[in-house]
Structure formats: C-alpha cells, structure tokens
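Report on the following structure.
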Amino acid sequence: MDMTENLRPSGAHSTDQDPTSYPYASPSAYDGTAYSSATGGYPPPPPYAPTTGRRKAKRPVALLAAVAIAAGVIGGGTATLVGQFNGQDSAATGSGGAVNGTTVSQSSKGTVAGVAEAVSPAIVEIGAASSAGKSTGSGVVITEDGEIVTNNHVISGAQQIQVTLSTGKTYTADVVGTDPDKDLALIKLQGASGLKTATLGDSSKVKVGEEVVAIGSPEGLTGTVTSGIVSALDRDVTVAKDDSGSSGQGQDQGQGRQGGGQEWPFEFGGQQFNGDTGEETTTYKALQTDASLNPGNSGGALINMDGEIIGINSAMYAPSSSAAGSGSSAGSVGLGFAIPVNTLKADLDTLRAGNGS
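Every letter in the sequence shown is one number past the one before it in the working numbering, and letter 301, counting from 1, is 314.
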C-alpha cells in the first residue's frame, strides 16, 4: 500500500491545507458570518480570547517583575544615600600621599563603637623625653612597618621617643622628617612589622555638622575615644613652630609635668590661648570640632563615621581655672582644632624625604 495515500474519509479536514482557506485566519474574518459559510474549517476562537488569556497569565509576572525592579532601584538609592551620609567614597584617599588601612565594617558603619573598634589599633601613644622634661602625645600609624604621623610640637626637641601601641607593646622610634610650618612630623618605629594601619580620607569633603570621633591619649590615658561634630572649617590657628616658645613650648603635655600648668598654646582671632606661643609661629587652616580634646590628644586622629582619618588633632582651648585659685588648667570645653588630612597627604613625600628634620 502506498504510505503516502490519504486515508481520511471524504470531508475530513487536513492539517496541511492553505490557512487562507479559513475565514478566521484573516483579521477581517471576525465578523461572525465567515464561519457559517466555511466548510470543514476550525471554529474561530472568541474575538481576542487568546490574546486576553495570555495577558491575564502574564500580568502577575510582569507586575512582580516591576515590583522587584522598583525594590532594586529603591534599595540601590538607599545604599547610595547611606554611603553618602557616611562619607563612603572609594576615591576618597585619592593619589599622592594616599594611605589605605583599616575601615569600619559594614555592620558597624556609622557608629562611634564601630569607628573606635576599627581605628583604635592604629592610634598610638607617644612619649617624648627631652632636656626640658617628658611629654605625652598621640600618633597615627600609616604603614605596617611603623610609619607614624604626629604633630611636630609633640616630638620637637625630643632626645628619645617611646611609642606604645594599643596592645601595650612599646617601641623606640626615630624622627624621619618634620615640617614645623604645618606642625606635622613623621616618625618610624624600630623593628616593627604587621601593624594595623589607618586610612587617610579626604578633608575637602568634610561638612559642618558631620559626626566625628577623636582618638588619642589625653593625660596618658591610651586609646581614649570621644565624639562630636565638625563645628567649623578653615579656622586660622597659629601655633609655635618648635620648643622655643615661652610656656610649655614644643611639648603637648610636658609643660604640665614641669609645673607650668599650661596646655599647648595657640592663637586664634588675634588672641592667645593656653599660654604664650613664643616668637616662632606658624598658621594653618584647621577643622574645628566639639569632640573633647585634652592634653595628650595632639597628633591623634579626627575620624569620620566611615573610619577614615580626616584630621590630625593639634590644638584645644582649655580655659585656665587659676581664677578659682587652683593654678591648673580646666579640661576641654569643646573647642578643638585639627590639621586637615589633605594637608598631611600633600606633605607626606616631604616628610619621608626627611626635609626639615
């Protein structure tokens, strides 16, 4: 038998016949009359039924997809806002003097506790001994092998420098370079390796009102954490260049131990605070903060809520309580000043070259 023979009974429809023979195949055939005149054709579907059915089936999926996309957009926007609020910027450290180190974990970002936990290991206590006595200041570790940034006035005139890490381990340090004009200095620990380091941020992005954290060793209390806000920008602060001043000059806490009762002296707005700055002075633009700073905080870190160093604490106003007959100085009243970190970053190469030391 011929396998190609058509065995369908007469009148049965064929699946391979010309689709144009069916009236409903043409859009114009949906007039309700074409089908009745057709023979052997499929009954036409209800008008637009297949299309309507497909839309009903897919509409929930499309709706869910739209919600998911909207959620993604909202989530991304929130993340961006949070990043901006916390000062998060991958390019913040920039180039030329950029230093990358420990930053706040994602789960602790934006909290004082998170900043303290992340950055405290990179803040050290500096003990400087000179012929005038001993002083205590702070510093910021910027390399794993022990490069530490501090104020020039903390180590000026020092004959021996001892540095204590947050772990309690002590090193002897050498002066690498100083810049009295910027009140900055770079020292290097002997035989150090694998140290926790801090990340230098971008002080040009700092805004008044931003939350900040200060870490240092006030009165020798290593790793003391205080917090506040940025109170003002670009304050002209004048400090002594070295230890030639007339009162506690050159040493952040040494003057107190020598009985002078004066904190590190500075000038602002034509007035002198905390004693005489002496003849050799320098003026720089400073960040002002109400985070509590006390003797020993000089050279320590002012940190944003993303764990980046935005300033090196350098001066504080401590009104004398001698009027009350104590002869000593009162504590912080929320007027502290820090050298912007961008000033430090621009000066790192000079400090590393040993200029001015």
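Ideal Cβ positions, reconstructed from N, Cα and C, are used throughout, including at glycine. Quantities reported herein were computed from a predicted structural model and do not represent experimental measurements.
- Taking D194 as the centre and dropping the five residues before and after it, the same chain places the C-beta of T295 closer than 6 angstroms to its C-beta, in chain order.
- Looking at T124, P353 and E138, the one whose alpha-carbon comes closest to that of D249 is P353.
- A buried status is given to A186, since no fewer than 16 other beta-carbon atoms sit within 10 Å of its beta-carbon.
- Here the stretch 206 to 213 lies against the stretch 125 to 135, with 3 or more beta-carbon pairs under 8 angstroms apart.
- In this structure, I174 lies away from I155, with their beta-carbon atoms at least 8 angstroms apart.
- Collapsing the DSSP output to three states places K218 in a helix.
- If you draw a straight line from the Cα of V162 to the Cα of G190, it is about 10 angstroms long.
- Annotation for V243: the continuous beta strand (DSSP E) segment containing it runs T237 to A253.
- By a beta-carbon distance limit of 8 angstroms, T251 contacts F279. Their separation comes to about 6 angstroms.
- Within the same chain, Cβ atoms closer than 7 angstroms to the Cβ of A171 are found at A141, A142 and S143, the five residues on either side in sequence being excluded.
- Bounds of the beta strand (DSSP E) holding I174 are Q173 to T177.
- The Cβ atoms of E321 and G214 lie closer than 8 angstroms to each other.
- In the displayed model, N310 falls within coil according to three-state DSSP, outside both helix and strand.
- In this structure, I316 and V128 form a Cβ contact; the two beta carbons are roughly 6 angstroms apart against a cut-off of 8 angstroms.
- Here N164 is actually not in contact with G309; their C-beta atoms are around 11 angstroms apart, not less than 8 angstroms.
- Comparing alpha-carbon positions, the option among D289, V243, D303 and A328 lying closest to Y297 turns out to be A328.
- If you check the CB distance, S305 and T235 do not come in under 8 angstroms.
- Taking 8 angstroms as the cut-off, the Cβ atoms of G233 and A205 do not count as close.
- Rounded to the nearest angstrom, the gap between the Cα atoms of H166 and A253 is 8 angstroms.
- In the three-state scheme derived from DSSP, where H, G and I count as helix and E and B as strand, D362 is classed as helix.
- Assignment of T210 by DSSP, reduced to helix, strand and coil, places it in the coil class.
- Secondary structure at N317: coil, using DSSP grouped into helix, strand and coil.
- Taken atom to atom, the span from the alpha-carbon of E292 to that of G123 is near 43 angstroms.
- Following the DSSP letters along the chain, one finds I136 inside the beta strand (DSSP E) bounded by residues I136 to S143.
- The Cβ atoms of S151 and G229 lie closer than 8 angstroms to each other.
- D362 and L197 do not touch by the CB rule: their CB atoms are close to 12 angstroms apart, not below 8 angstroms.
- Pairing L348 with D303, the inter-Cα distance amounts to about 5 angstroms.
- In the three-state scheme derived from DSSP, where H, G and I count as helix and E and B as strand, P353 is classed as strand.
- About 6 angstroms separates the Cβ atoms of I325 and A351, confirming a contact at the 8 angstroms cut-off.
- Selection L364, P332, I139 and T356 evaluated against V346 yields P332 as nearest (Cα-Cα).
- Looking at S169, G146, E157 and S216, the one whose alpha-carbon comes closest to that of L357 is S216.
- By the neighbour-count criterion, in which 16 or more other beta carbons inside 10 Å mark a residue as buried, D247 falls on the exposed side.
- A227 and I242 have their alpha carbons spaced roughly 10 angstroms apart.
- Taken through DSSP and simplified to helix, strand or coil, E292 comes out as coil.
- Secondary structure note for A131: its alpha helix (DSSP H) is the uninterrupted segment V125 to V132.
- Put simply, of I139, N287 and G282 the residue whose alpha carbon is nearest the alpha carbon of L202 is I139.
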